[in-house]
Structures are given as C-alpha cells and as structure tokens.
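Encoded as structure tokens, the structure appears first; notes follow it.
Residue numbers (our numbering): 246 to 390.
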C-alpha cells in the first residue's frame, strides 16, 4: 500500500508542471480593426466588409457565436477552430433596404479567447439612388417630313 501511495505521489510531481502549462495555454483574438466606415452607400445595395483577425494565443480559438445587433446585418464566420498564429475573417453583410440616413451597427463576437467577447462596428450613410433627370421635351425619331 505504501508503495502504491509513493508511486502516485511520484507521478503527480511529474504531472503538475504539465497541468499548469495546459491551463496557461489560452486563445487570444486580435483584430486588425474593430470598426469599419463604409462612407456613402445607396439604398437597396448590400455593403460587405471582412474583419480580419489573428489567434495570437497558444491554444485553438473557437468562435461560438457572432451575433448582429439587428436583422439588417448578417455575419459569416469560420466554424472550425483557428490555430495559434492563424488568420481568419468575419464577413459583415449590411442590407440597408429602404433606410436612408446614418447608421452604426454592432456585431458581438463570442469565443473562448481571454477577452471572451469583442464588439465590432460597421457604420456609414445610406443615400437614395440618384435618379437621372428626365428632359421635359420628348424627341421622337422617324416619321420624317
């Protein structure tokens, strides 16, 4: 019995340093930019931007959810783990519909990174599609004199 206890104590001395290394290995998400300004866009025309990020941690990064602030924004994100040092993208698709004016929309990224959540922002101004002016004079072709 003493030999068994001594064996487990001896094994735990070797396992302890590895356990602390495993606990220290965490994912870290770092975005190149967390805000994108589309500038002027037109009603009914989608605006798309890709947010680029890198896993700067020592463990695989898993994005559990990417939640837009409203139904006019659709995110697309990688479902597979992002390995340490690897880059990936989150695509934000904004559909203004018939809205006109300034907008600012948030997208929340949930992950296993040390920060937990990250807030991304897209913004800009939606304008009406310009209408070409119509001439009041109608010109008809053909018919002759």
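From the three backbone atoms N, C-alpha and C, an ideal C-beta is built for every residue, glycine too.
For residue 249, I'd like the list of residues in its chain whose CB is within less than 8 Å of its CB, leaving aside the five on either flank, ordered along the chain.
Mapped onto the chain shown, residue 249 falls at position 4. Reliability of the predicted coordinates at residue 249 is poor, the pLDDT of 49 falling under 50, and no value is obtained from them.
Which stretch, first to last residue, makes up the beta strand (DSSP E) that contains residue 300?
Within the chain shown, the letter at position 55 stands for residue 300. That run of the beta strand (DSSP E) goes 292 to 300.
Roughly how many whole angstroms lie between the Cα atoms of residue 368 and residue 374?
On the chain shown, position 123 is the one that residue 368 refers to. On the chain shown, position 129 is the one that residue 374 refers to. Approximately 18 Å, taken between the alpha carbons.
Would you kindly work out how many angstroms separate the C-alpha atoms of residue 353 and residue 298, rounded to a whole number?
By 1-based counting over the chain shown, the position of residue 353 is 108. By 1-based counting over the chain shown, the position of residue 298 is 53. If you take the alpha carbons of residue 353 and residue 298, they lie about 14 Å apart.
Out of 333, 357, 379, 339, which one is the CA nearest neighbour of residue 276?
Stepping through the chain shown from its first residue, residue 276 is reached at position 31. Looking at the Cα atoms, 333 is the closest of the given residues.
Nearest-angstrom Cα distance between residue 355 and residue 349?
If you number the chain shown from 1, residue 355 lands on position 110. If you number the chain shown from 1, residue 349 lands on position 104. When rounded, the distance between both Cα atoms is 20 Å.
What is the C-beta distance between residue 328 and residue 310, in whole angstroms, given that I count them as a contact (C-beta under 8 Å)?
Translated into the one-based positions of the chain shown, residue 328 becomes position 83. Translated into the one-based positions of the chain shown, residue 310 becomes position 65. That pair is no contact at about 20 Å.
Within the same chain, show all residues whose beta-carbon is closer than 6 Å to that of residue 283, passing over the 5 residues directly before and after it, in chain order.
Residue mapping note: residue 283 aligns to position 38 of the chain shown, counting from 1. Answer for residue 283: 292, 369, listed in chain order.
Sequence-distant residues of its chain with Cβ nearer than 7 Å to residue 270 (five each side left out)
The count along the chain shown starts at 1 and reaches residue 270 at position 25. Only 303, 304 meet the Cβ criterion.
Distance, Cα to Cα, residue 338 vs residue 323?
As a working mapping, residue 338 is identified with position 93 in the chain shown. As a working mapping, residue 323 is identified with position 78 in the chain shown. Their backbone Cα atoms lie some 15 Å apart in a straight line.
Give me, in chain order, the residues of the same chain whose beta-carbon lies closer than 6 Å to that of residue 281; leave out the 5 immediate sequence neighbours on both sides.
As a first step, residue 281 is located in the chain shown; it is residue number 36 there, counting from the start. Here the set comprises 294, 367.
Taking the beta strand (DSSP E) that residue 354 belongs to, which residues open and close that run?
What you label residue 354 is simply residue 109 of the chain shown in a count that begins at 1. Taken as a continuous stretch (DSSP letters only), the beta strand (DSSP E) holding residue 354 covers 346 to 356.
Cβ-based neighbour list, residue 285, same chain, cut-off 6 Å, excluding 5 preceding and 5 following
The sequence position of residue 285 within the chain shown is 40, counting from 1. Closer than 6 Å at the Cβ level, and outside the excluded window around residue 285, lie 370, 372.
I think residue 340 touches residue 317, with their Cβ atoms under 8 Å apart; what is that distance to the nearest whole Å?
Position 95 of the chain shown holds residue 340. Position 72 of the chain shown holds residue 317. That pair is a contact at about 5 Å.
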